[in-house]
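Asker: Please read through the structure below; I'll follow up with questions.
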């Protein structure tokens, strides 16, 4: 199986050939961010390059930044910039694995709370770490924390 990094590079080549300007620039931004993180990783002497899991976290952060920009551009009446950010979100999202929906997440949290025998909010860290490892890049950790707090407080 190809690594996420290789898939992103292959996608850049495809978009260069098809001359999709926004996709090409977005993928170049992704690769530049990955390279920056690789350099930081090597500087800390932790290895040669970041893992696929780290890349997934990086992609989630890029999406989060663009969603904030969409809100700002929408409020400022800049539909052109808002649409570009929305297209970038779709492009970045295409590299993520299937995202777990809110309903699936709620059921998953309830099942995991029982499996791990979580009793109170003190067990929140254990629950979040378990889900983060089991479903890398598939869940919004803020949503996990919100649902988990509600479940553990009941």
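Residue numbers (the numbering used here): 1 to 154.
Note that CB positions come from ideal geometry on N, CA and C, so glycine has one too.
Predicted model only: the values in this text are computed from it and were never measured.
(1) Rounded to the nearest angstrom, how far is the Cβ of residue 34 from that of residue 58, given a contact under 8 Å?
(2) Using the Cα positions of residue 4 and residue 95, report the straight-line distance between them to the nearest angstrom.
(3) Considering residue 76, what are the terminal residues of the alpha helix (DSSP H) in which it resides?
(4) Considering only residues of the same chain and omitting the five flanking positions on each side of residue 73, which have a CB-CB separation below 6 Å?
(5) Buried or exposed, going by whether 16 or more other CB atoms sit within 10 Å of the CB of residue 47?
(6) For residue 128, collect the residues of the same chain with a Cβ closer than 8 Å to its Cβ; drop the 5 residues on either side in sequence, then sort them by chain order.
Answerer: Let's see:
(1) Stepping through the chain shown from its first residue, residue 34 is reached at position 34. Stepping through the chain shown from its first residue, residue 58 is reached at position 58. Right, their Cβ atoms sit about 7 Å apart.
(2) Walking along the chain shown from the start, residue 4 turns up at place 4. Walking along the chain shown from the start, residue 95 turns up at place 95. About 8 Å.
(3) Along the chain shown, read from residue 1 onward, the residue named residue 76 stands at position 76. Premise fails: residue 76 is in no alpha helix (DSSP H) and is neither H nor E.
(4) Counted from its first residue, the chain shown places residue 73 at position 73. By the criterion of a C-beta distance shorter than 6 Å, residue 73 is surrounded in its chain by 81, 82, once the five residues flanking it on both sides are discounted.
(5) The residue given as residue 47 occupies position 47 in the chain shown. Residue 47 is classed as exposed because its beta carbon has fewer than 16 other beta carbons within 10 Å across all chains shown.
(6) Looking up residue 128 in the chain shown gives position 128. Contacts found: 141, 144, 145, 148.
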